[in-house]
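Engineer:
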Amino acid sequence: GVPQGVKFVVDLRAELLALGRSDAAAKALSEDLRPLLGAWFDVGFLDLVRIDWKSSASLLEKLVAYEAVHAIRSWRDLKNRLDSDRRCFAFFHPRMPEEPLIFVEVALVQGLAGNVQSLLDARAETSDPGEANTAIFYSISNCQQGLAGISFGNFLIKRVADRLADEMPRIKEFATLSPIPGLRQHIDGRLKTEGDDVLTSAEITSLVPVIGDARGAVAVRKLLDRPTWWEVPAINKALRPILCRLAAHYLTTPDAKGRALDRVAHFHLGNGAVIERLNWLADTSANGFRQSYAMMVNYRYKLGDVDANHEAYANGRIVASREVRALAKG
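Quick note: the sequence shown, position 309, residue 446 per my numbering, numbers continuous.
1. Taking its Cβ as the centre, do 16 or more other Cβ atoms sit within 10 Å of Ala339, making it buried, or is it exposed?
2. Using 10 angstroms around the beta-carbon of Gln428, count the other beta-carbons present and answer buried if the total reaches 16, otherwise exposed.
3. Going by the CB atoms, is the gap between Asn252 and Ala410 shorter than 8 Å?
4. If you reduce the DSSP assignment to three classes, tell me which class Ala339 lands in.
5. Return the bridge partner residues of Leu185 from the DSSP annotation.
6. My understanding is that Cys225 touches Arg218, with C-beta atoms under 8 Å, so please give their C-beta distance in whole angstroms.
7. Using the Cα positions of Ala259 and Arg352, report the straight-line distance between them to the nearest angstrom.
8. Assuming contact is defined by CB atoms lying nearer than 8 Å, are Gln282 and Ala151 in contact in what I supplied?
9. So is Ser192 in contact with chain B if we call contact Cβ pairs under 8 Å?
10. Curious, which full-length alpha helix (DSSP H) runs of at least 4 residues does the segment 214-263 contain?
11. If you reduce the DSSP assignment to three classes, tell me which class Leu464 lands in.
12. Give a yes or no on contact between the segment 281-298 and the segment 236-255, applying the rule of three or more CB pairs nearer than 8 Å.
13. Report all residues from its chain with a CB closer than 8 Å to the CB of Ser288; omit the five preceding and five following residues, and keep chain order.
14. Could you round the C-beta distance between Val434 and Leu415 to whole angstroms and report it? I think they count as a contact, below 8 Å.
15. Taking the C-alpha atoms as reference points, what is the distance between Asp184 and Ile294?
16. If you run the structure through DSSP and keep just helix, strand and coil, what is Phe289?
17. Tell me, which residues are paired with Ile277 by DSSP?
18. Identify the residues that DSSP records as bridge partners of Tyr436: which are they?
19. What first and last residue would you give for the alpha helix (DSSP H) that runs through Glu448?
20. Could you tell me the alpha carbon to alpha carbon distance between Ala163 and Ala155, rounded to whole angstroms?
21. Kindly identify the DSSP beta-bridge partner or partners of Pro391.
22. Can you list, in chain order, the residues of its chain whose CB lies under 6 Å from that of Ala250, leaving out five sequence neighbours each side?
23. In terms of residue numbering, what span does the beta strand (DSSP E) encompassing Thr330 cover?
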C-alpha cells in the first residue's frame, strides 16, 4: 500500500468534510468513507499510550495544537499537565504511530475537583500521586478531523480508568470536571422568553435588596450584564441559588427524544456516568463565563454501575445524584 496510506485517507476525509458544507458530492463521499474508517479504527486495533514529558517534542507540540478544552498557554503549562500528579493518555493506530487520535488529561487528587483554574495552576505545588484517591478527567480532545463521527472517547475513558485502577489501587473514584457549553445560551433564552415564570417567588423577593430599579427576570439580566458581577458579594449570593437551580434543571431535563440538552452531558451519560455535582465559579476564564456563567459539572464514573446507567440513559432516564436533583427542584 501507499506509505502513510491510512493517514492519507483520514486527511482526505477531513478535506471532504470541509468541502461538504457547500458541495453535496463531497459530503456524500465523506459519508461513504465513514464505515471504512470505522472498521480501520476499530477500538480493538488501537494502542493506549501514556504521554509524558519524555515523549518526543513533535508529539508534545501536537498536544498543544490539538488541545480543544483548556488551551495550553506555554511549555511550563504543558510540563505541569504532564507532572507526576497528572496523567495524559492517547489512542494511537499502528499505521499512524506519530499521530494521536484522541487524548485525555487526568489529575490525580483527593476528592472531587471543583475549580479548573486551581487544577491548571502551574505555580501550585505538585501533590504526591501516592496520596490521591480520585482521578479527575478534565480534558478530552479529538485530534483528527477526518475521523469525525467515529467515537473513541467512551472507550478511552473506560480503558484509562481500568489502567489507573490497576496501577494505582488507592484510586477509588473516577470523575470529570466538565464544561456545560450550552448553559448560558439556555439561561439567557429562558429569562428572555419566559420572564418571571423562570423564577420562584422567593427568588424574586431575594433580589429586591440587591437591585432597586428592576425586579424578577429583568433584575437577573441586569445583574448578569454587570462586568465582574461575581466579585460583588451581595450579587454573587443572590444569583448563585438562581443560576445553580437553572443549571441543575438544564442538565437533568431530557429533550423530546429523551436525550440530555447539553452535548457534553449527552456524551458522559451515554457512557454510563452520573451527574454528580454542580460547581459554582469553577471556570472563571472569559470562555467559562461565555459558555456557562463559569459553572462546571462533575460526571462520576462508578465502574460497577456504568452499564446500568448507560441502559437507563438509553431508555430516556437521566441519572443524577440526590444533591443535583434537589438543586433542580430548588
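Yeah, the Cβ is synthetic: ideal placement off N, Cα and C, and Gly gets one too.
Structural biologist: Working from what's here:
1. exposed
2. buried
3. no
4. helix
5. Phe228
6. 7 Å
7. Rounded to the nearest angstrom, the two C-alpha atoms are 43 Å apart.
8. yes
9. Absent here is chain B; the protein component of the structure consists of one chain.
10. 253-256
11. helix
12. yes
13. none
14. 6 Å
15. 14 Å
16. In the three-state reduction of the DSSP assignment, Phe289 falls in the coil class, being assigned neither a helical nor a strand state.
17. Val241
18. Ile412
19. Val443 to Ala451
20. Each residue's alpha carbon lies about 9 Å from the other.
21. Ala397
22. In the same chain as Ala250, and ignoring 5 residues on each side of it, the C-beta atoms closer than 6 Å to its own belong to Leu256, Ile273 and Leu314, in chain order.
23. Element bounds for Thr330: not the beta strand (DSSP E) but the alpha helix (DSSP H), Leu320 to Glu331.
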